[in-house]
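Here the protein sequences come in this chain order: E and S. If you read the first sequence in my numbering, its first letter stands for residue 38, the second for the next number, and so on. If you read the second sequence in my numbering, its first letter stands for residue 38, the second for the next number, and so on. Every residue, glycine too, gets a C-beta built ideally from N, C-alpha and C. Take a look at the structure below.
There are 2 protein chains.
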Amino acid sequence: MDRPLVAIDWGTSSLRGARLDAQAGVLEERAFARGILSVAAGGFAAVFDELFGDWMQPPGTLALIAGMAGSRQGWIEVPYRACPAGLADVAQALAWVAPGRIAIVPGLSCERAGVPDVMRGEETQVFGALKLLGIDAGTLVLPGTHSKWVRVEAGRVVDFTTLMTGEFYALLRRHSILARTLPDDDGGFDTPAFDAGIAHALRSPGLLQSAFSARTLALFERQPLAQRPSYLSGLVIGEELRTRALRGGERVVVIGADALTQRYVRALATLGVHVTAVGAPAAWRGLFEMAHGIEP
Amino acid sequence: MDRPLVAIDWGTSSLRGARLDAQAGVLEERAFARGILSVAAGGFAAVFDELFGDWMQPPGTLALIAGMAGSRQGWIEVPYRACPAGLADVAQALAWVAPGRIAIVPGLSCERAGVPDVMRGEETQVFGALKLLGIDAGTLVLPGTHSKWVRVEAGRVVDFTTLMTGEFYALLRRHSILARTLPDDDGGFDTPAFDAGIAHALRSPGLLQSAFSARTLALFERQPLAQRPSYLSGLVIGEELRTRALRGGERVVVIGADALTQRYVRALATLGVHVTAVGAPAAWRGLFEMAHGIEP
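The following block contains the structure:
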């Protein structure tokens with residue numbers, strides 16, 4: 038593809054963009070606190086023009102947008118593409134908001150036992166990570182407010198699962214009885230406390246039970262104040278890993294670049310899982326490959 | 038025991054009392070929204086006198102108080118009695134706030150894998166339920182904000198587990214992303230939706246995952262608004278039951294008298310568990326037996 042590409046990841050609370058060259062190299066990046074929840078209905082085109090309009094030169098430049106911009110509260114609602122779905126399936130289902138110039142990537146849906154699951158944006162990171170790693174199958178995890186565990190076969194997402202791990206952490210951290218014995222600020226990461234939380238969660242049958250340990254350890258003064266946020270983080274991430282029933286020697290790709298991702302890498306490593314970490318460029322690479330998918 | 042007994046259950050947010058006759062019959066009951074969190078430090082004796090002072094006649098009347106009145110934020114902090122502990126052990130460890138007249142019942146603690154667990158008040162209900170049912174062993178559950186599952190052998194509590202089920206429901210109901218697709222009021226109880234929540238939780242590996250179904254079923258408009266609170270209730274109660282690994286034919290005593298308790302009775306029955314329900318009188322009977330335990 039010879040057209041310049043503007044790659045956008047428009048999430049719930051943040052908006053990131055990159056201008057890519059013909060080899061998928063990043064020429065320039067921008068990030069704004071302009072997630073979709075900050076944009077009024079009907080205002081998306083104007084926000085895009087304001088923040089990325091200068092990148093849409095020369096004429097013929099293409100912009101692809103992944104993430105919540107395709108949700109009901111976004112630019113336009115783009116139907117989910119049902120799994121199994123590969124990069125080409127998604128590229129064919131792009132929703133054009135400016136014909137030939139600006140398109141939104143559809144999210145994916147899957148279904149288990151009559152219950153749907155959904156993602157928007159993560160599919161693009163998954164396809165990018167597969168390309169970056171040169172693989173077409175595996176288990177990939179995207180940690181976050183709503184973590185996604187994705188199973189890929191022959192280049193297609195065949196199944197995935199959402200776990201509300203980051204959101205449960207925030208609920209317990211700020212709104213539960215546990216908040217009363219936690220410091221106001223998370224402070225520094227405490228490795229032994231995090232590991233203790235992981236270990237307790239893994240030997241517990243579930244978070245409803247293991248979470249109470251954060252209260253009793255504080256009540257019995259067995260855990261210094263500064264350790265408690267890291268312990269709670271270990272409890273919820275450990276609970277997520279417990280439910281995945283991972284085997285030692287298994288391979289998992291972790292996608293993400295922040296401190297949270299590093300916690301997953303650490304926890305998975307202690308389980309004997311072989312971890313490959315892929316950072317933020319996964320989204321740009323995914324969009325780059327989709328752009329190629331729509332043009333010969 | 039010939040002395041008149043005033044039985045008190047002083048919890049975090051409520052205060053209940055009963056005047057009992059010599060056969061443990063209830064002569065009179067009172068309930069107030071005067072939980073320990075509403076009483077300033079040092080103010081407990083005055084509140085007791087105000088609300089129950091008239092019951093302390095004739096001289097020689099005894100008052101026993103179970104619940105959070107013995108916690109750090111209560112009348113006085115009463116150390117937990119370590120398990121295993123029976124009714125006599127607890128009666129011997131009463132903490133007298135007015136010598137010979139008014140005493141507070143100690144809570145229980147137990148420990149598993151270096152992590153403590155605690156209860157205050159439930160031990161009294163358990164001992165009362167055992168007497169009411171004429172049994173000295175079994176599995177008993179006390180549903181609530183923090184549910185307790187208690188194992189009793191030879192009349193003594195040998196082990197128990199706290200699950201933060203009611204609190205997780207409240208967190209998800211009011212503070213999570215799920216709140217956005219839930220009605221403001223819980224409305225009536227919807228049996229099929231509750232059962233669907235139970236079933237989904239039981240076949241799921243954990244609540245981090247199953248909770249997201251409340252979002253996607255709403256997103257795909259597969260669940261009417263009015264059903265959603267009952268479904269979410271089924272999810273969290275089902276998660277609690279999943280972690281208990283119950284076997285069909287097992288016997289469980291459920292202690293409590295409110296609508297929540299009825300949900301547990303229903304859910305346990307669908308698992309093939311034999312359920313015996315014991316209502317609010319369990320606390321009064323427990324205190325009555327303790328009063329006998331301290332007097333020949």
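query, result
"Proximity test, Cβ basis, 9 Å: Glu276/S and chain E", "yes"
"Distance between beta carbons of Ser184/S and Phe226/S, contact taken as under 8 Å", "Going by Cβ atoms, the distance from Phe226/S to Ser184/S rounds to 19 Å, so no, they are not a contact pair."
"CB contact flag (Ala251/E, Glu276/E, <9 Å)", "no"
"Rounded straight-line distance, which links the Cα of Pro153/E to that of Gly271/S", "18 Å"
"Length of the line joining the Cα atoms of Cys147/S and Val115/S", "16 Å"
"Own chain residues within Cβ distance below 6 Å of Gly48/S, not counting five before or after", "Gly72, Gly104, Met105"
"Any chain E beta carbon closer than 9 Å to Phe257/S", "yes"
"Cβ-Cβ distance between Val134/E and Leu145/E below 9 Å", "no"
"Element boundaries [beta strand (DSSP E), containing Gly104/E]", "99-104"
"Length of the line joining the Cα atoms of Ser241/E and Arg279/E", "9 Å"
"Pairwise C-alpha distance: Gly158/S and Glu258/E", "22 Å"
"Residues in the region 195-218 of chain S having any Cβ partner in chain E nearer than 7 Å", "Thr198, Thr199, Leu200, Met201, Thr202, Glu204, Phe205, Leu208, His212, Ser213, Ile214"
"Straight-line gap, Ile45/S to Ala319/S (C-alpha atoms, nearest Å)", "12 Å"
"Rounded straight-line distance, which links the Cα of Pro95/S to that of Arg109/S", "31 Å"
"Residues sharing a beta bridge with Arg53/S, DSSP", "Asp46/S, Ala68/S"
"CB contact below 9 Å: Gln264/S versus chain E", "no"
"The region 119-128 of chain E in contact with the region 302-318 of chain E per 3-pair CB rule at 8 Å", "no"
"Beta-carbon proximity of Val195/E to Phe164/E, cut-off 9 Å", "no"
"Among Gly80/E, Gly323/E, Thr198/E, nearest to Ala150/E - alpha-carbon criterion", "Thr198/E"
"Collapsed DSSP secondary structure at Pro333/E in the structure displayed", "Any reading at Pro333/E is ruled out, since the residue's pLDDT is 46, under 50, leaving its predicted position unreliable."
"Short Cβ contact (9 Å threshold) for Ala317/S with Val290/S", "no"
"Gly330/S to Asp173/S span [Cα, whole Å]", "16 Å"
"Minimum length 4: unbroken alpha helix (DSSP H) runs contained in the region 70-98 of chain E", "81-89"
"Where the alpha helix (DSSP H) through Ile214/S begins and ends", "Where Ile214/S is concerned, there is no enclosing alpha helix (DSSP H), given that its DSSP letter is neither H nor E."
"Alpha-carbon to alpha-carbon, Leu74/E and Pro333/E", "Annotation note: pLDDT 46 at Pro333/E (below 50); position unreliable, coordinate value reported separately. The alpha-carbon atoms of Pro333/E and Leu74/E are separated by roughly 36 Å."
"Within chain E, partners of Val155/S - CB distance below 8 Å", "Thr253, Leu256"
"Per-residue burial, Leu262/E [other beta carbons within 10 Å of its own, 16 or more giving buried]", "exposed"
"Residue-chain proximity (Pro242/S, chain E), Cβ-Cβ < 9 Å", "yes"
"Outcome for Leu101/S when other beta-carbon atoms lying within 10 angstroms are tallied against a minimum of 16", "buried"
"Continuous beta strand (DSSP E) assignments of at least 3 residues falling wholly in the region 149-222 of chain E", "152-156, 175-179, 184-190, 193-200"
"Pro333/E at chain S interface by Cβ criterion, 9 Å", "Note that Pro333/E scores 46 on pLDDT, short of 50, meaning its location in the model is unreliable and no value can be drawn from it."
"Whole-Å CB distance - Gln260/E paired with Leu254/E, under 8 Å assumed", "4 Å"
"Interface flag, Gln162/E vs chain S, CB-CB below 9 Å", "no"
"Same chain, Cβ closer than 8 Å to His311/E, five either side skipped, listed in chain order", "Gly286, Glu287, Arg288, Val289"
"Backbone secondary structure at Leu239/E - three-state DSSP", "helix"
"For Ala314/E: DSSP bridge partner residues", "Val291/E"
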